[in-house]
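To start, the structure itself, in structure tokens.
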Amino acid sequence: MTSTLTPQPVERQQPERPGTPPRRRTRVLALPEARWAAAATVLFLLALPLQLTGAPVWTWGPLYALSYVTGGWEPGWEGLKALKDRTLDVDLLMVVAALGAAAIGQVMDGALLIVIFATSGALEALATARTADSVRGLLDLAPATATRLSPDGGEQAVAVEELTVGDIVLVRPGERVGADGRVLDGASEVDQATITGEPLPVPKGRGDEVFAGTLNGTGALRVRVERDASDSVIARIVRMVQEASETKAPTQLFIEKVEQRYSLGMVAATLAVFLVPLAFGAQLTDALLRAMTFMIVASPCAVVLATMPPLLSAIANAGRHGVLVKSAVVMERLGQADAVALDKTGTLTEGSPRVTDVRPLPGSGLDEQELLTLAAAAERPSEHPLARAVADAARERGLDLPDARNFTSAPGVGVTAVVGGRTVAVGAPARLLDASDGTATEPDAAIGTAAEPEESYRTAAEPEESRRTAAELEESGRTAVLVLVDGTPAGLLGIADRLRPDAATTVAALARLTGSAPVLLTGDNPRAAAHLAAEAGIDDVRAGLLPQDKLDAVREMESTGRKVLVVGDGVNDAPALAAAHTGIAMGRAGSDLALETADAVIVRDELAAVPATVALSRRARRLVVQNLVIAGVFIAGLVVWDLAGDLPLPLGVAGHEGSTVLVGLNGLRLLREGAWQRAAGEGS
Numbered sequence: 128m129t130s131t132l133t134p135q136p137v138e139r140q141q142p143e144r145p146g147t148p149p150r151r152r153t154r155v156l157a158l159p160e161a162r163w164a165a166a167a168t169v170l171f172l173l174a175l176p177l178q179l180t181g182a183p184v185w186t187w188g189p190l191y192a193l194s195y196v197t198g199g200w201e202p203g204w205e206g207l208k209a210l211k212d213r214t215l216d217v218d219l220l221m222v223v224a225a226l227g228a229a230a231i232g233q234v235m236d237g238a239l240l241i242v243i244f245a246t247s248g249a250l251e252a253l254a255t256a257r258t259a260d261s262v263r264g265l266l267d268l269a270p271a272t273a274t275r276l277s278p279d280g281g282e283q284a285v286a287v288e289e290l291t292v293g294d295i296v297l298v299r300p301g302e303r304v305g306a307d308g309r310v311l312d313g314a315s316e317v318d319q320a321t322i323t324g325e326p327l328p329v330p331k332g333r334g335d336e337v338f339a340g341t342l343n344g345t346g347a348l349r350v351r352v353e354r355d356a357s358d359s360v361i362a363r364i365v366r367m368v369q370e371a372s373e374t375k376a377p378t379q380l381f382i383e384k385v386e387q388r389y390s391l392g393m394v395a396a397t398l399a400v401f402l403v404p405l406a407f408g409a410q411l412t413d414a415l416l417r418a419m420t421f422m423i424v425a426s427p428c429a430v431v432l433a434t435m436p437p438l439l440s441a442i443a444n445a446g447r448h449g450v451l452v453k454s455a456v457v458m459e460r461l462g463q464a465d466a467v468a469l470d471k472t473g474t475l476t477e478g479s480p481r482v483t484d485v486r487p488l489p490g491s492g493l494d495e496q497e498l499l500t501l502a503a504a505a506e507r508p509s510e511h512p513l514a515r516a517v518a519d520a521a522r523e524r525g526l527d528l529p530d531a532r533n534f535t536s537a538p539g540v541g542v543t544a545v546v547g548g549r550t551v552a553v554g555a556p557a558r559l560l561d562a563s564d565g566t567a568t569e570p571d572a573a574i575g576t577a578a579e580p581e582e583s584y585r586t587a588a589e590p591e592e593s594r595r596t597a598a599e600l601e602e603s604g605r606t607a608v609l610v611l612v613d614g615t616p617a618g619l620l621g622i623a624d625r626l627r628p629d630a631a632t633t634v635a636a637l638a639r640l641t642g643s644a645p646v647l648l649t650g651d652n653p654r655a656a657a658h659l660a661a662e663a664g665i666d667d668v669r670a671g672l673l674p675q676d677k678l679d680a681v682r683e684m685e686s687t688g689r690k691v692l693v694v695g696d697g698v699n700d701a702p703a704l705a706a707a708h709t710g711i712a713m714g715r716a717g718s719d720l721a722l723e724t725a726d727a728v729i730v731r732d733e734l735a736a737v738p739a740t741v742a743l744s745r746r747a748r749r750l751v752v753q754n755l756v757i758a759g760v761f762i763a764g765l766v767v768w769d770l771a772g773d774l775p776l777p778l779g780v781a782g783h784e785g786s787t788v789l790v791g792l793n794g795l796r797l798l799r800e801g802a803w804q805r806a807a808g809e810g811s
């Protein structure tokens, strides 16, 4: 029961609200596999208590029969089609074994097998459909229409598919960019986290490249189109996810790896057990009974349960602790990882900027609280992420913010407001210092009409000292923000995306579990990436990566035979998540595409859960091996007894069912709370 992501035609729709693509998720019961599996499960659950309480056969027999039909017809049909192609798979064998069990009175056991396989197929179909939903929904990040400018200055709303290379488009404040291109005129700040993963909006001006689907800030931009819509970065991400999902060979469970040989061998052996005695004059009834006994004791029920309960128990246990593992195959894969690639923003970091440094300049006459109060009061009306970070920092310190008047915002420069009779400007050091020096524009033009500066500010620090402090902050991986009071530098704020508290211990745990140090893959700038990687204990840093670059890095690692675990959260991580041996998405701020593409999701957003889940997977795989040994011993012993001696059918059924119960109970050990605690201990 394997599925791949298949591209489907998409009808473009307008977003439900600005900046947010509509959610088009396949409903569970819209899938036929889910409906059949649900029907089989309900029928089984209705029949089981009736049978166990001694109700007449006519009350529960038909329910079991319907369970067989609803849950078994699809895998049976697929098995017959495979048989037509001269292949024999375990799905068909399971249906035959279930029918064989029913033929000798083990109706409940056969129905349980049917329900397990039907449910497994439904879950796989749902995961595939949801991934396809997210890939198609990603196209809605790019707007359906764009404003094209004609040579005479006129405006025309056109579908983005009609844009051609060389067209000029107008991107107004708050709109999404309609096509990949380059800025001809205007200044703004563009949130391009969906493409590069950068945590903060990036200033854009003349000559800068912009990408379709990214969100424009407060300025207007005129952009020359440089790529067709079908070749934009966002469209290439869609294709990369689709191709990776289609070509990524799923790791199969142990029983699936040997299904052809086991299935063919069991069918051939059953026929031989039936026909050989007949050839030597045995009675038909005796030969049929021996062959049926052989089929029961040799059927892979115990082998199937040897594999599934440990993995399903591990999935349930991980789910109780905030980790959604999407299938038993994924749980098996997680423990095989021997290399890890981590995203930065939203994965190793918290994903939101915070004020880390407050540095009043000598001679400003301000202390840290006064500087932060003025900056936060001026920034409070702004919706910029840096402004929110400054306001949040003041709120956390319990500062009372005075009202700000005459608030203005200049894209790429900063904000200006009058606070307590003083004109306060907060923004990019290079732009504000050039303005205050008069080297770019007059101060009043950049920061508003200033009040007459007080004497203390005439003797404040020179711009050179401000530049030195800004350079220090930037060298340490911070974003430097300058505060001018009445046109004179008063201090700087350092803002950074803070490392998660458990990042360093998680990196160390993953290195110990996999035997190799994790790699950092990020679209952020090299300086910020290197600083954060040093704090987290990562030496191999690859920065400034676009989604294609992350995908190439993962494929390069896997080309050496390594099984790579990718941990990320953004749209730009989705191709790498899809191509990796296993992908894990951080759930709190993860994009829909990343959450659906990933094999597992950290719902509670606790990074330490990643190594704990890997360790739990390894414990589950060890239990699978134990169960396979137990099942193999029982099957071999009963088969030898049946062939070499005279194994009574009831004893054969008892031995077969006993081994099935034993391996099932052994696998359920991973449901206990202590199993997660031990796994967390291994991963800490």
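The sequence shown maps to residues 128 to 811 in the working numbering.
Cβ coordinates follow ideal geometry from the N, Cα and C atoms, glycine included.
This one's a predicted model, so the numbers in the text were calculated from it and none came from an experiment.
Per-residue burial, residue i [other beta carbons within 10 Å of its own, 16 or more giving buried]
i	result
S509	buried
R299	exposed
T101	Only positions 128 to 811 of the chain appear in the structure, and residue 101 is not among them; the question remains open.
T596	buried
G548	exposed
E316	buried
L611	buried
P813	Here the chain comprises residues numbered 128 to 811, so residue 813 is not present and cannot be evaluated.
W187	buried
Helix, strand or coil at residue i [DSSP, three-state]
i	result
I241	helix
N444	helix
D676	helix
F534	strand
R303	strand
N343	strand
T649	coil
G785	helix
T131	The predicted position of T131 is uncertain, since its pLDDT is 36 and thus under 50; a value taken from the coordinates is nonetheless stated next. In this structure, T131 counts as coil in the three-state DSSP scheme.
D667	strand
S603	coil
K471	helix
R549	strand
E579	Low confidence applies here, because E579 scores a pLDDT of 37, under 50, leaving its location unreliable; read the following figure in that light. Coil, per DSSP.
A555	coil
T709	strand
Y584	Any answer about Y584 is weak, because its pLDDT of 39 lies below 50 and its placement is not dependable; what the coordinates show is given next. Helix at Y584.
T633	helix
Residue from the options whose Cα sits closest to the Cα of residue i
i	options	result
D279	T291, A286 and I295	I295
P645	A445, V737 and S744	V737
V456	E599, R745, V485 and S786	R745
M435	G808, T787, A807 and R522	T787
V553	L210, R522, A502 and D667	A502
G334	D355, A314, V310 and R349	V310
L239	A164, T500, V285 and V400	A164
Range covered by the beta strand (DSSP E) that runs through residue i
i	result
L626	T615 to L626
I295	I295 to V298
L820	The question about residue 820 has no answer here: the residues shown for the chain are numbered 128 through 811.
V155	Unbroken run through V155: none, as it is neither H nor E.
A284	E282 to A286
D484	T476 to P487
G411	The residue asked about is misnamed: residue 411 is Leu in this sequence, not Gly. Premise fails: L411 lies in the alpha helix (DSSP H), L411 to A425, not in any beta strand (DSSP E).
R351	L348 to V352
T274	T272 to L276
Residue interval of the alpha helix (DSSP H) (run including residue i)
i	result
F761	A736 to A771
V184	V184 to K211
L704	A701 to A706
G801	E800 to E809
V495	Note that residue 495 is Glu in the sequence shown, not Val. Residues E495 to E506.
V822	Absent from the structure is residue 822, since the part of the chain shown begins at 128 and ends at 811.
L513	P512 to E523
| query | How about the segment 727-741 and the segment 390-406: do they share at least three Cβ pairs that are nearer than 8 Å? | reply | no
| query | Using 8 Å as the Cβ pair cut-off and three pairs as the minimum, do the segment 686-697 and the segment 459-474 touch? | reply | yes
| Is there contact between the segment 630-648 and the segment 507-525, where contact requires at least three CB pairs shorter than 8 Å? | Contact between the segment 630-648 and the segment 507-525 is absent, because fewer than three Cβ pairs lie under 8 Å.
| task | Check whether the segment 476-496 touches the segment 529-540, counting contact only when three or more Cβ pairs, one atom from each stretch, lie closer than 8 Å. | result | no
| task | Pair every Cβ in the segment 386-400 with every Cβ in the segment 188-201, then say whether three or more of these pairs are closer than 8 Å. | result | no
| said: Across the segment 680-689 and the segment 440-454, are there enough close Cβ pairs to call them in contact, namely three or more that are closer than 8 Å? | reply: no
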